[in-house]
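J.: Order-wise, the sequence lines are chains A and B.
First residue of the first sequence? That's 1 in full-length UniProt numbering, and the numbers climb one at a time after it.
First residue of the second sequence? That's 1 in full-length UniProt numbering, and the numbers climb one at a time after it.
Beta carbons are placed, not taken as given, at the ideal position from N, Cα and C, and that holds for glycine.
Below are the structure tokens for one structure; questions will follow.
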Amino acid sequence: MAGTGPVDLRPVFYPKRVAVFGVTNTPDRVGYNVLESILHGGFTGKVYPIHPRHEQVLGCKVYKSLEDVPEPVDLAVICLNQYATVKAVESCGRAGVKGVICNAGGYRETGDVGHDLEKCLIAAAEKYRLPMIGPNTLGMINNDGNFYSTFYPLKIPAGKVSIISQSGGIGLTTIHMAIDEGIGINKFIGVGNCSNLGFADCLDYLENDDSTAVIGVFIEGAADAGRFVRTAGRVARKKPVVVYKAGRLAEADYYTQTHTGSSAGSFQLYRDILHQHGVFTVNSASELVAACKALALQPLPGGNRVGILTHTAGPSVVMIDHLAPAGCVIPPLHEETVSRVKQIIGSDNPPVVLKNPLDAAGLGFSRPTYGGLAEAMLADDNVDLLLAVYCLHKTWELPAIELINAHKKYKKPLIVNFVGNWQGCRADQDFMQNAGVPLYTAPEKTAVAAAALVHYGMRRKGGNDRDD
Amino acid sequence: MTINEIVDHAVASGRNLLFEDEAGALLKAAGIPVNSCRVASDEDEAVQVAKETGFPVALKVRSRTVTHKTDAGGVRLGLADEEAVRLAYRGIMEKVRMIDPESQVTVQPMASPGVELLVGMTTDPQFGQVVAFGLGGTLVELFNDITYRQVPLLKKDATDMINSIKGSAVLKGYRGRPPVDINALTGIILKVSRLVEKEPRIKEIDLNPVFAYPQGMLAVDSRIVVCGNP
Numbered sequence: 001m002a003g004t005g006p007v008d009l010r011p012v013f014y015p016k017r018v019a020v021f022g023v024t025n026t027p028d029r030v031g032y033n034v035l036e037s038i039l040h041g042g043f044t045g046k047v048y049p050i051h052p053r054h055e056q057v058l059g060c061k062v063y064k065s066l067e068d069v070p071e072p073v074d075l076a077v078i079c080l081n082q083y084a085t086v087k088a089v090e091s092c093g094r095a096g097v098k099g100v101i102c103n104a105g106g107y108r109e110t111g112d113v114g115h116d117l118e119k120c121l122i123a124a125a126e127k128y129r130l131p132m133i134g135p136n137t138l139g140m141i142n143n144d145g146n147f148y149s150t151f152y153p154l155k156i157p158a159g160k161v162s163i164i165s166q167s168g169g170i171g172l173t174t175i176h177m178a179i180d181e182g183i184g185i186n187k188f189i190g191v192g193n194c195s196n197l198g199f200a201d202c203l204d205y206l207e208n209d210d211s212t213a214v215i216g217v218f219i220e221g222a223a224d225a226g227r228f229v230r231t232a233g234r235v236a237r238k239k240p241v242v243v244y245k246a247g248r249l250a251e252a253d254y255y256t257q258t259h260t261g262s263s264a265g266s267f268q269l270y271r272d273i274l275h276q277h278g279v280f281t282v283n284s285a286s287e288l289v290a291a292c293k294a295l296a297l298q299p300l301p302g303g304n305r306v307g308i309l310t311h312t313a314g315p316s317v318v319m320i321d322h323l324a325p326a327g328c329v330i331p332p333l334h335e336e337t338v339s340r341v342k343q344i345i346g347s348d349n350p351p352v353v354l355k356n357p358l359d360a361a362g363l364g365f366s367r368p369t370y371g372g373l374a375e376a377m378l379a380d381d382n383v384d385l386l387l388a389v390y391c392l393h394k395t396w397e398l399p400a401i402e403l404i405n406a407h408k409k410y411k412k413p414l415i416v417n418f419v420g421n422w423q424g425c426r427a428d429q430d431f432m433q434n435a436g437v438p439l440y441t442a443p444e445k446t447a448v449a450a451a452a453l454v455h456y457g458m459r460r461k462g463g464n465d466r467d468d
Numbered sequence: 001m002t003i004n005e006i007v008d009h010a011v012a013s014g015r016n017l018l019f020e021d022e023a024g025a026l027l028k029a030a031g032i033p034v035n036s037c038r039v040a041s042d043e044d045e046a047v048q049v050a051k052e053t054g055f056p057v058a059l060k061v062r063s064r065t066v067t068h069k070t071d072a073g074g075v076r077l078g079l080a081d082e083e084a085v086r087l088a089y090r091g092i093m094e095k096v097r098m099i100d101p102e103s104q105v106t107v108q109p110m111a112s113p114g115v116e117l118l119v120g121m122t123t124d125p126q127f128g129q130v131v132a133f134g135l136g137g138t139l140v141e142l143f144n145d146i147t148y149r150q151v152p153l154l155k156k157d158a159t160d161m162i163n164s165i166k167g168s169a170v171l172k173g174y175r176g177r178p179p180v181d182i183n184a185l186t187g188i189i190l191k192v193s194r195l196v197e198k199e200p201r202i203k204e205i206d207l208n209p210v211f212a213y214p215q216g217m218l219a220v221d222s223r224i225v226v227c228g229n230p
């Protein structure tokens, strides 16, 4: 953000009084939906809808203009067209509003005329040092303050993961995947065209936001990528940052230009330089959510040595494919662990592969046996974190208690991979995740979650941190 | 001349692309090992310099207008004796004099071949100054085995670059060949980073190839672009 010295963004994320410009009674308009979003989300502060011709919308009294609002507001959400938005920002600045969210598109992403209009918008915001989210954004959610300001009204579980997304569509994808994965969202910031508040500004804020423990970022491209990566690297020293960069191919650049007015830049430069700054990167929205979930739930491992316990070999093969390139190693088990495993399974049993990954085959279904094997592996000094694979079965139950107890006893990170469908494991997922153990239903997600934990575990030890 | 003075001089002469002898002097001042490169203004001087340099030598056109030297027929390599130098000089001048009557040549010794690497630097519109490293020579475009880091680089960044390219095994010795001098390579990468950090008027550096030896490195061909406004 331009100007000297940092601007306090707390009134933007934790407003007490909010004005909404452009509310109407038409449910297909952004103004209606943003107001509904705020009301439906359970906002406890005051809302002042503004429209020159309406009396009442969604049961709220409507004010003719900002001047008619009886008290100063902290935040204004501007749901007007791209031209009227510029004037509204100007009036907010004059009235001493502390922040604005501009939903309208029609700026630099549309070409030169829109770009000129956006310059006017930026100038209006900067004149009053008024922090601005957007334009061209889905909006913002602060679940920590029950403030929902997106034009897709939502009510989602609260948690410790905050998301910064350049795209509303991928933002919503991430939010809904997070619901499926059973994790709560703390804040969602749709940065849109990044005209005033960009990625780095939002990262700066979230760095010191106590309710945010993990930050997920979806980026198409940023004019100031250099500052973004440096900031991400610095913030990641304090709390994990996971970045999903899209726009891998030159063809995508045209679409990012016409989407948020940003050039995608070289995908390889982003990848290499994020790596340089010690930031964990992923290749899909589902990986983004999977990595954030594990980082939000689990402690960081003391090293990169991954133990895998399974009773079916395939998932462990898939996991190793993902883990090895991410710098994880699959260490051999101590002899002591091997004898302990032999003791647990007995001698006249089906064949068991006595190494890491430990494939307990047919015996793995038995809860006490599985729990004992998990404990044996967690007790092994060679193992820094454990991935436990278990298959959904008509008769056998997931050894949830056994795994939770093992995790508590050894205090090493544990990730459970339940081979089953979403409905079949939902109850177990909630149960385990309430106890702090993440559960996934796909080996690729389990592996990326493990890789994320290892990345930040190693970084915490100075393995991939920077001195500057 | 100091690094600053070399850039000042080029900018004052209205050139963005340094002559190769200027690039060489600049790199040398930055502590980067670079093949010797001397200017000759006529045929006799080219022979004289070649004798002092030691045969075989390479002759390259030195001109502010002929910037794609090879395409213009302005590069002759592996000249073994005085006669070869004279013929090469005349051959080059025949091709380039029409384009630039003030053309000169540079004389460089032919370096003994090593593993061909690329060390470079570019100014990205989004990330600013970025250092590049990869396998060099003519295969660079085919395999695109290059990795990038943002300036300033730390030693661990240089080490990480060397280890992260696909062809990393080539550097560590394969099929009985000795490994290349990793310390010297790390040094070149870091020196490029420090050089452009101190002199932001440098917009691009292309050292390709750098010959990597079991002991030491040598930048054989260098291209440096500067801009008056940093």
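Check the DSSP bridge columns for Thr-310 of chain A and list the partner residues they point to.
T.: Thr-310 of chain A is bridged to A:Asp-359.
J.: Looking at the unbroken beta strand (DSSP E) that takes in Ser-162 of chain A, where does it start and where does it end?
T.: 161 to 165 is the extent of the beta strand (DSSP E) around Ser-162 of chain A.
J.: Within this structure, are the beta carbons of Gly-136 of chain B and Glu-204 of chain B separated by less than 9 Å?
T.: Not in contact: Gly-136 of chain B and Glu-204 of chain B (Cβ atoms no closer than 9 Å).
J.: Which runs of the alpha helix (DSSP H), 4 residues or longer, sit entirely within the region 157 to 223 of chain A?
T.: Those alpha helix (DSSP H) runs which fall completely within the region 157 to 223 of chain A and span 4+ residues are 168 to 181 and 199 to 207.
J.: Give the secondary structure of Val-419 of chain A by DSSP, where H, G and I count as helix, E and B as strand, and everything else as coil.
T.: Residue state, collapsed to three classes: strand.
J.: How would you list, in chain order, the residues of chain B whose beta-carbon sits under 9 Å from the beta-carbon of Ala-223 of chain A?
T.: Within chain B, the residues near Ala-223 of chain A are Pro-125 and Gln-126.
J.: Skipping 5 residues on each side, what residues in its chain have a beta carbon closer than 8 Å to that of Ile-345 of chain A?
T.: Excluding positions up to five away in sequence, the list reads Val-352, Ala-360, Leu-363, Thr-369 and Leu-373.
J.: Could you list the residues in the region 139 to 164 of chain B with a C-beta less than 7 Å from some C-beta on chain A, going in chain order?
T.: Cβ contacts with chain A: Thr-147, Tyr-148, Arg-149, Gln-150, Leu-154 and Asp-157.
J.: Nearest CA to the CA of Phe-365 of chain A: which residue from A:Gly-327, A:Leu-398, A:Leu-66 and A:Asn-25?
T.: Checked all of A:Gly-327, A:Leu-398, A:Leu-66 and A:Asn-25; the closest Cα to Phe-365 of chain A is A:Leu-398.
J.: Any residues in the region 171 to 194 of chain B with a beta carbon nearer than 7 Å to a beta carbon of chain A? Which ones, in chain order?
T.: Hits within the stretch: zero.
J.: Are there 16 or more other CB atoms within 10 angstroms of the CB of Val-220 of chain B, so buried, or fewer, so exposed?
T.: When all chains shown are included, Val-220 of chain B counts as buried.
J.: Asn-142 of chain A bridges to which residues according to DSSP?
T.: Paired residue(s): A:Phe-147 and A:Lys-187.
J.: Out of B:Gln-215, B:Phe-211 and B:Gly-78, which has the shortest C-alpha to C-alpha gap to Ser-222 of chain B?
T.: Here the closest residue by C-alpha is B:Phe-211.
J.: Using a Cβ-Cβ cut-off of 7 Å (strictly less than) and excluding sequence neighbours within five positions of Asp-381 of chain A, which residues of its own chain qualify?
T.: Once the five neighbours on either side are set aside, the close Cβ partners of Asp-381 of chain A are His-334.
J.: Give the DSSP-derived three-state secondary structure of Leu-17 of chain B in the structure shown.
T.: Correct three-state label for Leu-17 of chain B: strand.
J.: Is Val-86 of chain A helix, strand or coil when you go by DSSP?
T.: Val-86 of chain A falls in the helix class under three-state DSSP.
J.: Bridge partners for residue 469 of chain A per DSSP, in chain order?
T.: Here chain A covers residues 1 to 468 and nothing more, so residue 469 of chain A does not appear.
J.: For Arg-17 of chain A, report the span of its beta strand (DSSP E) as first-last.
T.: Segment 17 to 21, the beta strand (DSSP E) holding Arg-17 of chain A.
J.: Can you grab the Cα-Cα spacing for the pair Gly-278 of chain A / Arg-97 of chain B, in whole Å?
T.: Spanning the two alpha carbons is a distance of roughly 53 Å.
J.: Pick from A:Ala-291, A:Gln-298, A:Gly-303 and A:Leu-354: whose alpha carbon is nearest that of Ala-447 of chain A?
T.: Out of A:Ala-291, A:Gln-298, A:Gly-303 and A:Leu-354, A:Ala-291 has the C-alpha closest to the C-alpha of Ala-447 of chain A.
J.: Look up residue 472 of chain A in the DSSP assignment and say whether it is helix, strand or coil.
T.: Nothing can be reported for residue 472 of chain A, as the shown portion of chain A is limited to 1 through 468.
J.: Please compile the residues from chain B whose C-beta is within a distance smaller than 9 Å of the C-beta of Val-229 of chain A.
T.: Those within 9 Å of Val-229 of chain A in chain B are Phe-127 and Gln-150.
J.: Along the chain, where does the alpha helix (DSSP H) that runs through Val-47 of chain B open and close?
T.: Taken as a continuous stretch (DSSP letters only), the alpha helix (DSSP H) holding Val-47 of chain B covers 43 to 53.
J.: Counting only Cβ pairs nearer than 7 Å, list the residues of chain A close to Val-130 of chain B.
T.: Correct list: Leu-269.
J.: In whole angstroms, what separates the C-alpha of Thr-137 of chain A from that of Gly-114 of chain A?
T.: Near 15 Å, if we compare the C-alpha coordinates of Gly-114 of chain A and Thr-137 of chain A.
J.: In chain B, what lies closer than 7 Å to Ser-273 of chain A by C-beta?
T.: The question names Ser, yet the displayed sequence has Ile at residue 273 of chain A. In chain order: Phe-127, Tyr-148, Arg-149 and Gln-150.
J.: Does Cys-425 of chain A come out as helix, strand or coil in the three-state DSSP assignment?
T.: Helix, per DSSP.
J.: Interface residues of chain B around Gln-276 of chain A at Cβ under 7 Å?
T.: Result: Arg-149, Gln-150 and Asp-157.
J.: Tell me the residue span of the alpha helix (DSSP H) that contains Tyr-456 of chain A.
T.: Start and end: 443 to 460.
J.: Any beta-carbon of chain B closer than 9 Å to the one on Ala-195 of chain A?
T.: Checking the sequence, you will find Ser at residue 195 of chain A rather than Ala. No, no contact with chain B.
J.: Got a sec? Which residues, its chain only, sit under 7 Å from Val-341 of chain A by beta carbon, not counting five neighbours each side?
T.: If we look at Val-341 of chain A and ignore the five residues flanking it on each side, its Cβ neighbours are Leu-354, Leu-358, Leu-373 and Ala-376.
J.: Can you tell me where the alpha helix (DSSP H) with Tyr-63 of chain A in it begins and where it stops?
T.: That residue, Tyr-63 of chain A, is in no alpha helix (DSSP H); it is neither H nor E in DSSP.
J.: Could you give the C-beta distance for Pro-135 of chain A and Gly-192 of chain A, rounded to a whole number, given that I count them as a contact under 8 Å?
T.: Correct: roughly 6 Å between the Cβ atoms.
J.: Which residues share a DSSP beta bridge with Met-432 of chain A?
T.: Beta-bridge pairing links Met-432 of chain A to no other residue.
J.: In this structure, how does DSSP classify Leu-35 of chain A when only helix, strand and coil are distinguished?
T.: Helix.
J.: Out of curiosity, what's the CA-to-CA distance linking Val-39 of chain B and Asp-321 of chain A?
T.: When rounded, the distance between both Cα atoms is 55 Å.
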